[in-house]
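**Q** The following block contains the structure, expressed as structure tokens.
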Amino acid sequence: MLLIHCPHCQETLPEAEFTYAGQAHIVRPADPMSQTDEQWEEFLFIRQNAKGAHYERWRHLHGCGRFFNAVRDTVSDRFLTTYVSGAPRPDLSSLMEGKA
Amino acid sequence: MNALTSFPQGQEPETLVSTAAVTVTQVPHRARLSLRARGDLAPLDRALGFALPRGIGGVTLGTACLGPDEWIILTDDAAAVMTACAEVSLPHSLVDVSGREITFEIEGPRASELLTLGCPRDIDAIPDGTARRTVFDGVTVTLWRDTAERFRIDVWNSFAPHVAHLLASGARELAAEMA
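Protein chains in written order, with numbering that gives the first Met the number 0: chain A, 0 to 99; chain B, 0 to 178.
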């Protein structure tokens, strides 16, 4: 079982308490009416299928209930870091150091 | 089977199972209030008459911090808490959720082992006198650790028969191991 660090609870807890919530850092357009169909399609449906580090959202469903962001290596399933929603995207190169 | 009628929220404790390993009791109903608030909590602290626990897991006078902006208040006088908080200027939500959950008390030398049946957390790493929401065999529960050998879990009504059954059979199994 994966162990995931919840940035709100400040504890590393079993995966069974968490749910996956899709790719992170997808920003809803401020003015949806100005979007073309292609842009709207991109926002709604187009997601990365990363091999390696992936920025994603998780929710501590059976716990504090909060959403947070994580960087997970999709090959090894290793969590590189977790951070609260709204925080800037962490720098990938520093995370990957020593983890390869 | 009707979950509500099979688990009436009575005024008397009702023992579900009692073995040498662990005793599981359904404990009497207390009022439960769900409080949500953000920002400077000082006005709420003043209204309640005590400082709300700030860290997740913290418990003060029957009030547990379950999330960064969420508390559950156990009290015998919900009306008094409601009245006290009504005048608070800080925007908040205070909802009476007394009827939502059933509380089981789990006590005995192997109480923490019984909880490992359904809870993926490291039970032994949970400090005494804390509470948190977690999962027990797929059911969201609030787990209170009062002492090393005494726990309480709050379970939503409709899941209570399932959890009670699992706890009862687990308790008998642990007792059989000891015999």
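The beta-carbon is built from N, C-alpha and C at its ideal position, and this holds for glycine as well.
Everything numeric in this text was worked out from a predicted model, so none of it was measured.
Pull up the CB-CB distance for Arg131(B) and Leu142(B), whole angstroms please, since I reckon it's below 8 angstroms.
**A** Their Cβ separation, rounded to whole angstroms, is 6 angstroms, which keeps Arg131(B) and Leu142(B) in contact under 8 angstroms.
**Q** List the DSSP bridge partners of Asn68(A).
**A** Its beta-bridge partners are Arg56(A), Tyr82(A).
**Q** In terms of residue numbering, what span does the beta strand (DSSP E) encompassing Arg109(B) cover?
**A** Taken as a continuous stretch (DSSP letters only), Arg109(B) belongs to no beta strand (DSSP E), as it is neither H nor E.
**Q** I need the straight-line Cα distance from Ala175(B) to Asp136(B), nearest angstrom please.
**A** Near 22 angstroms, if we compare the C-alpha coordinates of Asp136(B) and Ala175(B).
**Q** Can you find the residues in the same chain that come closer than 7 angstroms, C-beta to C-beta, to Ala2(B), ignoring five residues on each side of it along the sequence?
**A** Residue placement at Ala2(B) cannot be trusted, given a pLDDT of 45 that sits under 50; what the coordinates show is reported in the next sentence. Once the five neighbours on either side are set aside, the close Cβ partners of Ala2(B) are Asn156, Ser157, Ala159, Pro160.
**Q** Quick check: what's the CA-CA separation for Ala52(A) versus Thr14(B)?
**A** Computed Cα separation, rounded: 51 angstroms.
**Q** I'd like to know if the segment 3–22 of chain A and the segment 54–62 of chain A are in contact, where contact means that at least 3 CB-CB pairs between them fall below 8 angstroms.
**A** They touch, by the three-pair rule.
**Q** Given that Arg65(A) touches chain B, what residues does it touch there, using C-beta distances under 7 angstroms?
**A** Chain B residues near Arg65(A): Gly66, Pro67.
**Q** Would you say the segment 98–114 of chain B touches the segment 45–58 of chain B, given that touching needs at least three Cβ pairs under 8 angstroms?
**A** These segments do not touch.
**Q** From this set, Cys64(B), Gly38(B), Glu106(B), Val96(B), which residue's C-alpha is nearest Ala19(B)'s C-alpha?
**A** Of the listed residues, the one whose Cα sits closest to Ala19(B) is Glu106(B).
**Q** Rounded to the nearest angstrom, what separates Val138(B) and Ala77(B) at their Cα positions?
**A** Distance between the alpha carbons of Val138(B) and Ala77(B): 26 angstroms.
**Q** Mind the definition here: the segment 83–100 of chain B touches the segment 34–44 of chain A only if three or more C-beta pairs lie below 8 angstroms; say whether that holds.
**A** Touching, no, given that fewer than three Cβ pairs across the two stretches are closer than 8 angstroms.
**Q** Would you say Phe150(B) and Ala124(B) are within 7 angstroms of each other, going by their C-beta atoms?
**A** No, the pair does not count as a contact, with Cβ atoms beyond the cut-off.
**Q** What residues in the segment 70–99 of chain B have a beta carbon less than 8 angstroms from any beta carbon of chain A?
**A** Under the 8 angstroms Cβ criterion, the segment 70–99 of chain B contributes no residue.
**Q** Going by the beta-carbon positions, is the gap between Val134(B) and Glu10(A) smaller than 7 angstroms?
**A** Taking 7 angstroms as the Cβ cut-off, Val134(B) and Glu10(A) do not qualify as a contacting pair.
**Q** Taking only beta-carbon atoms, is Glu41(A) less than 7 angstroms away from chain B?
**A** Not closer than 7 angstroms to any Cβ of chain B, the Cβ of Glu41(A) fails to qualify, so no.
**Q** Would you say Ile152(B) lies against chain A (beta-carbon separation less than 7 angstroms)?
**A** No - not a single Cβ of chain A is within 7 angstroms of the one on Ile152(B).
**Q** Compile a chain-ordered list of the residues in the segment 78–93 of chain A whose CB is closer than 7 angstroms to at least one CB of chain B.
**A** Against chain B - using a Cβ distance shorter than 7 angstroms - the segment 78–93 of chain A contributes no residues.
**Q** CA-CA distance, Glu55(A) and Tyr19(A)?
**A** The alpha-carbon atoms of Glu55(A) and Tyr19(A) are separated by roughly 8 angstroms.
**Q** Is Pro13(A) close to chain C? Criterion is C-beta to C-beta, closer than 7 angstroms.
**A** Annotation note: the requested chain C is absent from the structure, which comprises protein chains A and B.
**Q** For Val162(B) and Ala36(B), I'd like the C-alpha separation in whole angstroms.
**A** Distance between the alpha carbons of Val162(B) and Ala36(B) is about 31 angstroms.
**Q** Between which residues of its own chain and Ala147(B) is the CB-CB distance below 8 angstroms, once the five residues before and five after are set aside?
**A** Cβ within range, chain order: Ser111, Asp127.
**Q** Count the other CB atoms, across all protein chains shown, that sit within 10 Å of the CB of Gly85(A); report buried if there are 16 or more and exposed otherwise.
**A** Flag for Gly85(A) reads exposed.
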